[in-house]
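Residue numbers (the working numbering), protein chains in the order written: chain A, -10 to 79; chain B, 6 to 563. Just so you know, even glycine gets a beta-carbon here, dropped at the ideal spot from N, CA and C.
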Amino acid sequence: MSSPEVPTRGPARPLPYVISGILLVIAIVVPLIVPIYARSEPTLAGIPFFYWYQMLWVLIDAGLLWICYGLISREDRRRRAAVRGPEVDE
Amino acid sequence: MIAAAASGARPVNGVALTVVIIIFVIVAIMGFVAARWRITPEERGMRTLDQWGLGGRGFGSWITWFLLGGDLYTAYTFIAVPAAMWSTGAVSGFFAVPYTVILYPIVFLLMARLWSVSHRHGYVTPADFVGGRYGSKTLSTAIAVTGIVATMPYIALQLVGIKAVLTVLGLGSGANVFTQDLPLIIAFVVLAAYTYTAGLRAPAAIAVVKDLLIYIAVIVAIIWLPTQFGGWDGIFKAATTKMTATNPATNLPVGSVIPGAASFNAYWTLALGSAMALFMYPHSVTGVLSTKSRNTIRRNAVVLPIYSLMLGFLALLGYVAIKAGTKPIGFDGVVNPQLVVPQLFIDNFPSWFAGVALAAIAVGALVPAAIMSIAASNLFTRNIYRDLFKPNATEGDQAKVSKFVSLVVKFGALLFVILMDQSAAINMQLLGGVWILQTFPAIVAGLYTRWFHRWALLIGWAAGILYGTVAAYNVVNPVTHAHFGGSIAPIPFTNVPVYIAVTAFVINALVSIILTVIFRAAKVPDGWDRTTHSDYGADEGDPRVVEVLEPYEPTLDR
């Protein structure tokens, strides 16, 4: 039986986690600040600001998460390599 | 087929119906064939819960994208969100967009850890994790029962979605209950059969077809329809005219295109509460745990928002229908907003294309219904049948029980929709959303810390459910005077209207924190944590912890 106490990852460097944490907070909090976007001007192709701004945040959030994914998965690979030895990424 | 009768009569649209039937048959064949998809010959027959209920825990990024897309953006969403936009405008409908935007940072944050610990310990359900983490069978049973109870009406609502499509096609106006619902019954029996045979692989395979169809339908509609009805300018003008008119029953405006300051809090709490709740639903967790590696779900959090964009456009079709003068009238001659989107397609597109769009919605109901029934039966099998009655149940026993229960669950949902009023299912779903959020503290806090005491979490859960249920009951519809009239109520002792689930969650969290401090001070015995720190970062290649069955019983609630 495997021993559960064997660490699966090496120690973390805080920086990638701190940056990702800030980006995630932005991605969650900003789309919820309704007073920013509860207005109809400026319209985009006839669509009021309220609607296109919120849909724009779909793309912004995807972008922020893409950055977080890059940061976290690189750090994750480094931490794993620290206990497993280097491995080939898929 | 069944002829339309009396008022609200509508002819059967032969071409559209034929297209829907053809797509339905193709999907059914795919569902059965999926039993042999990505599985080694030795493992055929789905003899373990990992195989049947989690698709062998091997879905990569692409399949997961389709599976979760089909799982989270259900047919009911496609029907209900535009319906809400059509009826009362932004507050009750468009919040779905910020909801499905902030959903993904939350998923990114939480779900990789849940995947890791579940991978190490072979957890199949969220209640498995809670049981292992807190060493409390009472708490894990509470989580499991909440999950099952919240999922059942959700499955029933998928049937409501199919029913809307069938109504617009002209089916279902028969004289008695049985012939009226015959198409629905056939659809569900076939669904039950291939889910039984192929497990989670069936909805995963079907989701690919369904998503492609729905993308085609929405993209075509969003480009073509505005050109037919004078552009977005005219569409929003028509919507504004409808929403600012006075509703004679309440003497208030019908709704709002841009929410006023009074509804800001309702808007953001609806988005936040719904986003926090969605991945507490067992069917979402099933989707996450079926993935191959820790990072599959994170990669998906980056690309799943494409569905949210589509949902936003779909919501706007509610306004397009206002401009187009769509008349969503059911067989009983009464206006039913849920018919808006299917009716819009059938009125404004050639029958064959309307058929494709309607089939996409109907198949879109089958995918989540299958996953939800699998998730609910996994909860029953693991956390009620095994934990409470048969602690020595083998993997094979569990798979057998789960398959059988999935049939019971679907049959129950079918009876619910056929025998009871639709509003019963909608009310239950509203309550389900409030209840499922009450499992958040136990599950999510558990992913990061073991600070909370098991009894504090249990009492917090009970307090949240109690408040949420009472508050939802007390919301009275101003027109019909029925209870469960909505999901918004003032925070107690204030007049700030917010989403009930969020208030209940805050109460739940406060009770859990305060009681944890008290129980720790009083040295009330806590359960044994079966997980270790390193479990939460484990990935694909890491070995599983071999389950030692023997000490399982004594470590649970003494």
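Sequence-distant residues of the same chain with beta carbon closer than 6 Å to residue i, five excluded per side
i	result
B:PHE99	ALA320
B:ALA367	ILE167 and VAL170
B:ILE470	TRP440 and GLN443
B:VAL150	none
B:THR69	THR296, THR301 and ASN305
B:TYR478	HIS488
A:PRO(-7)	In this predicted model, A:PRO(-7) has a pLDDT of only 49, less than 50, meaning its place in the structure is not dependable enough to derive any value.
B:GLY292	LEU72, LEU73 and ASP76
B:ALA243	ILE327 and LYS328
B:ALA89	SER97 and GLY98
B:PHE318	VAL223 and ILE227
B:PRO188	LEU171 and LEU176
B:ILE221	none
B:PHE498	none
Amino acids of chain A, ordered along the chain, whose beta-carbon sits closer than 7 Å to that of residue i
i	result
B:TRP237	ALA34, GLY35 and ILE36
B:ASP547	THR(-3)
B:PRO310	VAL47, ASP50 and ALA51
B:VAL106	PRO20, TRP46, VAL47 and ASP50
B:ASN300	SER62
B:ALA250	Those within 7 Å of B:ALA250 in chain A number zero; the least Cβ separation is about 18 Å.
Other residues of its chain near residue i: CB distance less than 8 Å, five sequence neighbours each side excluded
i	result
B:ASN270	VAL501, PRO502 and VAL503
B:TYR201	LYS408, SER411 and LEU412
B:GLN348	VAL173, ALA326, THR331, LYS332 and PRO333
B:TRP357	VAL20, ALA21 and VAL24
B:VAL290	LEU119, THR130, PRO131, PHE284 and ALA380
CB contact flag (residue i, residue j, <8 Å)
i	j	result
B:PRO208	B:ILE376	yes
B:ILE263	A:ARG63	no
A:SER9	A:LEU45	no
B:GLY204	B:MET425	no
B:LEU316	B:TYR78	yes
B:ASN397	B:THR130	no
A:ILE56	A:LEU12	yes
A:ALA1	A:ARG68	yes
A:ALA51	B:VAL102	no
B:ALA362	B:VAL165	no
B:ARG138	B:ASP534	yes
B:LEU218	B:ALA40	no
A:LEU54	B:PHE421	no
B:ASP133	A:THR(-3)	no
B:TRP460	B:ALA147	no
B:ILE190	B:LEU419	yes
A:GLY35	B:TRP237	yes
B:ALA447	B:LEU162	no
7 Å CB neighbourhood of residue i in its chain, flanking five on each side removed
i	result
B:ALA280	TYR104, ILE107, LEU108 and ILE111
B:HIS288	ASP76, THR156, PRO373, ILE376, MET377 and ALA380
B:ALA359	ALA21, PHE350 and ILE351
B:MET6	Reliability fails at B:MET6, whose pLDDT of 34 lies under 50, so the model's placement of it is uncertain and the value that follows must be treated cautiously. VAL17 and LEU176.
B:VAL449	LEU115
Within chain A, partners of residue i - CB distance below 8 Å
i	result
B:LEU314	MET44, VAL47 and LEU48
B:PRO103	PRO20, LEU21, GLN43 and TRP46
B:ASN479	In chain order: nothing, as chain A lies at least about 25 Å away.
Chain-ordered neighbours of residue i on chain B, where CB pairs are closer than 7 Å
i	result
A:LEU54	TYR109, PRO110, PHE113, ALA306 and VAL307
A:TYR58	ARG303, ARG304 and VAL307
Neighbouring residues, chain B, relative to residue i (Cβ below 9 Å)
i	result
A:ARG(-2)	SER539, GLY542, ALA543 and ASP544
Where residue i meets chain C, residues with beta-carbon distance less than 8 Å
i	result
B:GLY317	The question asks about chain C, but that chain is absent: this structure's protein chains are A and B.
Within chain B, partners of residue i - CB distance below 8 Å
i	result
A:ALA71	Those within 8 Å of A:ALA71 in chain B number zero; the least Cβ separation is about 12 Å.
Partner residues on chain A for residue i, Cβ-Cβ distance less than 9 Å
i	result
B:LEU241	Before going on, a small fix: residue 241 of chain B reads as Phe here, not Leu. Within chain A, the residues near B:PHE241 are SER29, THR32, GLY35, ILE36, PRO37 and TYR40.
Identify each residue in the region 60 to 84 of chain B for which the Cβ-Cβ distance to at least one residue of chain A is less than 7 Å, and report them in chain order.
none
Identify each residue in the region 8 to 24 of chain A for which the Cβ-Cβ distance to at least one residue of chain B is less than 7 Å, and report them in chain order.
LEU13, ALA16, ILE17, PRO20, LEU21, VAL23 and PRO24
Could you check whether the region 332 to 339 of chain B touches the region 66 to 84 of chain B, counting it as contact only if at least three pairs of C-beta atoms, one from each stretch, sit closer than 8 Å?
no
Pull out every residue of the region 379 to 410 of chain B whose Cβ sits closer than 8 Å to any Cβ of chain A, in chain order.
none
Using Cβ-Cβ distances below 7 Å, what residues of the region 263 to 282 of chain B are close to chain A?
Taking 7 Å as the Cβ-Cβ cut-off against chain A, the residues of the region 263 to 282 of chain B that qualify are ILE263, PRO264, PHE269, TYR272, TRP273, ALA276 and LEU277.
Under 8 Å, with one C-beta from each stretch per pair, do the region 426 to 440 of chain B and the region 520 to 538 of chain B reach the 3-pair mark?
no
When you check each C-beta in the region 321 to 337 of chain B against every C-beta of chain A, which residues fall closer than 8 Å?
LEU321
Could you run through the region 339 to 353 of chain B and flag, in chain order, every residue whose CB is less than 8 Å away from some CB of chain A?
From the region 339 to 353 of chain B, no residue has a Cβ closer than 8 Å to chain A.
For the region 50 to 65 of chain B against the region 398 to 407 of chain B, do three or more pairs of beta-carbon atoms, one drawn from each stretch, fall closer than 8 Å, so that the two count as touching?
yes
Give the residues from the region 493 to 518 of chain B that approach chain A closer than 7 Å (Cβ to any Cβ), ordered along the chain.
none
Three-pair Cβ contact test at 8 Å for the region 22 to 42 of chain B versus the region 186 to 200 of chain B:
yes
Quick one: which residues of the region 216 to 237 of chain B get their C-beta closer than 7 Å to a C-beta of chain A? List them in chain order.
Flagged, chain order: GLY236 and TRP237.
If the cut-off is 8 Å on Cβ atoms, which residues from the region 142 to 171 of chain B count as contacting chain A, listed in chain order?
Going along the region 142 to 171 of chain B in chain order, one finds no residue with a Cβ nearer than 8 Å to chain A.
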